[in-house]
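Engineer: Let me give you the structure first, and then I'll get to my questions.
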Amino acid sequence: MNKNEFISIKFDLVNGLIQWYTRKYHIKLSELRDYAYDSNEVDKLIMEKGDYVIYEVYEIERPVVEGEMIFGVTRIFPGVIGQEYNFTRGHYHVNKMAGEIYVGIKGCGLMLLQDLQGNFFTEVLERGSLIYIPGKYAHRVVNTCDEDLVFLFAYPAIAGHDYELIKKCGFKKVVLNIEGKPTIIDNPKY
Ligand code: M6P
Ligand code: ZN
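Just so you know, we're using the numbering used here here: the sequence shown kicks off at 38 and counts up by one.
Here's what the structure looks like:
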C-alpha cells in the first residue's frame with residue numbers, strides 16, 4: 038500500500054481502536070477550564086486527583102488543501118467535572134462551507150450543535166448513530182454514560198477549528214448530571 042495515495046487500515050468496530058494514525062493527542066482537565074460550566078470544579082478536581090485526560094484523538098492527518106479529508110477516532114472517558122459530564126471543547130469551522138461526519142462506535146452521549154444565529158440542537162450520539170453536521174454549526178460531544186464514548190469523524194482538511202467564541206461564551210446549554218440523569222440546562226455564561 039502506498040500511504041501517499043491510498044489509506045486502507047483496520048478498525049476495530051467493537052472497541053473503536055484504529056490500527057494506524059499519524060497523530061495522537063489528548064486534552065486534559067486543565068485545558069477545559071475555560072470551557073467548563075464551573076471552572077472552580079476544575080481547580081478542585083485537579084487538587085484532588087491531579088490533571089487527568091478527559092479525551093483523546095487519533096487522527097489521520099492530510100495536507101490542508103481542497104479535496105483532502107482529515108479523519109480519525111475520538112475517545113471521551115466517562116466522568117463528571119462537578120455536575121457536568123465530560124465533554125469536548127467544541128468548535129466552529131473557520132470555513133463555514135466545511136461540514137463534518139460523526140459515526141458513533143461505542144458508548145453513548147449527546148452532540149450539542151449551535152449556529153451563530155443562536156439556534157441550538159442536541160442529537161443522541163451512540164453506537165450506530167450517523168450525524169452530518171453542516172459547516173455553520175459549532176459542535177461539542179458530551180459523554181453521558183459510564184463507559185468510553187468513541188466515535189469516528191471525518192471533515193474537509195480546509196475546515197479549520199475556531200475555538201474563540203466557544204471559549205468565551207460556551208454553548209447555549211450545558212449537560213449536567215442531576216440526580217443521576219443527564220439534564221440539559223441553560224448556560225448562564227452564554
Ligand atoms: C472530533 C473532531 C476533531 C476535534 C475533536 C475534539 O474528533 O471534530 O476535529 O478536534 O473532535 O474536539 P475539540 O477539538 O472541539 O476539542
Ligand atoms: Zn469539527
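In this text, a Cβ means the ideal position worked out from N, Cα and C, and glycines have one as well.
For the ligand M6P, any of its heavy atoms closer than 7 Å to the Cβ of residue 126?
Structural biologist: Reading the sequence shown from its first residue, position 89 is the one you call residue 126. Yes, since a heavy atom of the ligand M6P falls inside the 7 Å radius drawn around the Cβ of residue 126.
Engineer: Between residue 148 and residue 178, how many whole angstroms is the CB-CB distance? I'm expecting something under 8 Å.
Structural biologist: Along the sequence shown, one-based indexing puts residue 148 at 111. Along the sequence shown, one-based indexing puts residue 178 at 141. About 5 Å separates the Cβ atoms of residue 148 and residue 178, confirming a contact at the 8 Å cut-off.
Engineer: Check whether the Cβ of residue 196 sits closer than 7 Å to any heavy atom of the ligand ZN, and report yes or no.
Structural biologist: For the purposes of this step, residue 196 is taken as residue 159 along the sequence shown, with counting starting at 1. At least one heavy atom of the ligand ZN is nearer than 7 Å to the Cβ of residue 196, so yes.
Engineer: What residues in its chain sit with their C-beta under 8 Å from that of residue 72, if we drop five residues either side in the sequence?
Structural biologist: As a position in the sequence shown, residue 72 is number 35, starting the count at 1. Excluding residues within five positions, the ones whose Cβ falls inside 8 Å are 124, 126, 127, 203, 204, 207.
Engineer: Looking at residue 188: is its Cβ nearer than 8 Å to the Cβ of residue 122?
Structural biologist: Taking the first residue of the sequence shown as position 1, residue 188 is located at position 151. Taking the first residue of the sequence shown as position 1, residue 122 is located at position 85. No. Outside cutoff.
Engineer: Confirm the yes/no value for this check: CB of residue 176, any heavy atom of the ligand ZN, distance under 7 Å.
Structural biologist: Counting from 1 along the sequence shown, the entry for residue 176 is found at position 139. Flag set: Cβ of residue 176 near the ligand ZN.
Engineer: Under 8 Å between the Cβ atoms of residue 105 and residue 191?
Structural biologist: Here residue 105 refers to the residue found at position 68 of the sequence shown. Here residue 191 refers to the residue found at position 154 of the sequence shown. Cβ atoms of residue 105 and residue 191: not closer than 8 Å.
Engineer: Write down every uninterrupted run of the beta strand (DSSP E) in the stretch 102-187 whose length is 3 residues or greater and which is fully enclosed by it, in chain order.
Structural biologist: Fully enclosed beta strand (DSSP E) runs of 3 or longer: 106-113, 137-143, 145-151, 157-163, 167-170, 175-180.
Engineer: Taking only three categories from DSSP, how would you classify residue 38?
Structural biologist: In the sequence shown, counting from the first residue as 1, residue 38 sits at position 1. Residue placement at residue 38 is flagged as unreliable, the pLDDT there being 44, under the threshold of 50; a coordinate-derived value is accordingly withheld.
Engineer: What distance in whole Å lies between the Cβ atoms of residue 118 and residue 53, which are believed to be in contact at a cut-off of 8 Å?
Structural biologist: Within the sequence shown, the letter at position 16 stands for residue 53. Within the sequence shown, the letter at position 81 stands for residue 118. So it is not a contact: roughly 23 Å between Cβ atoms.
Engineer: In whole angstroms, what separates the C-alpha of residue 227 from that of residue 110?
Structural biologist: Counting from 1 along the sequence shown, the entry for residue 227 is found at position 190. Counting from 1 along the sequence shown, the entry for residue 110 is found at position 73. Cα to Cα, residue 227 sits roughly 29 Å from residue 110.
Engineer: Can you find the residues in the same chain that come closer than 6 Å, C-beta to C-beta, to residue 46, ignoring five residues on each side of it along the sequence?
Structural biologist: For the purposes of this step, residue 46 is taken as residue 9 along the sequence shown, with counting starting at 1. Once the five neighbours on either side are set aside, the close Cβ partners of residue 46 are 56, 57.
Engineer: Excluding sequence positions up to five away, which residues of its chain have a Cβ less than 6 Å from the Cβ of residue 113?
Structural biologist: Counted from its first residue, the sequence shown places residue 113 at position 76. Same-chain partners within the cutoff: 92, 123, 180, 186.
Engineer: Taking Cβ positions, are residue 61 and residue 90 nearer each other than 8 Å?
Structural biologist: Indexing the sequence shown from 1 puts residue 61 at position 24. Indexing the sequence shown from 1 puts residue 90 at position 53. Residue 61 places its beta carbon 8 Å or farther from that of residue 90.
Engineer: With residue 162 and residue 146 assumed to form a contact (beta carbons below 8 Å), what rounded beta-carbon distance in angstroms separates them?
Structural biologist: Sequence index remark: in the sequence shown, residue 162 carries index 125 (1-based). Sequence index remark: in the sequence shown, residue 146 carries index 109 (1-based). Residue 162 to residue 146, Cβ: 5 Å. Contact.
Engineer: Can you check the stretch 184-224 for any beta strand (DSSP E) of at least 3 residues that lies completely inside it and give the ranges in chain order?
Structural biologist: Taking only runs of at least 3 residues, the beta strand (DSSP E) segments lying wholly in the stretch 184-224 are 186-193, 210-215, 218-223.
Engineer: Check residue 80 in the structure and name its three-state DSSP category.
Structural biologist: Residue mapping note: residue 80 aligns to position 43 of the sequence shown, counting from 1. Here residue 80 sits in helix by DSSP.
Engineer: So, at 7 Å on beta carbons, what are the nonlocal neighbours of residue 100 in its own chain, with the 5 sequence-adjacent residues on each side left out?
Structural biologist: Within the sequence shown, the letter at position 63 stands for residue 100. Cβ neighbours of residue 100 beyond the five flanking positions: 194.
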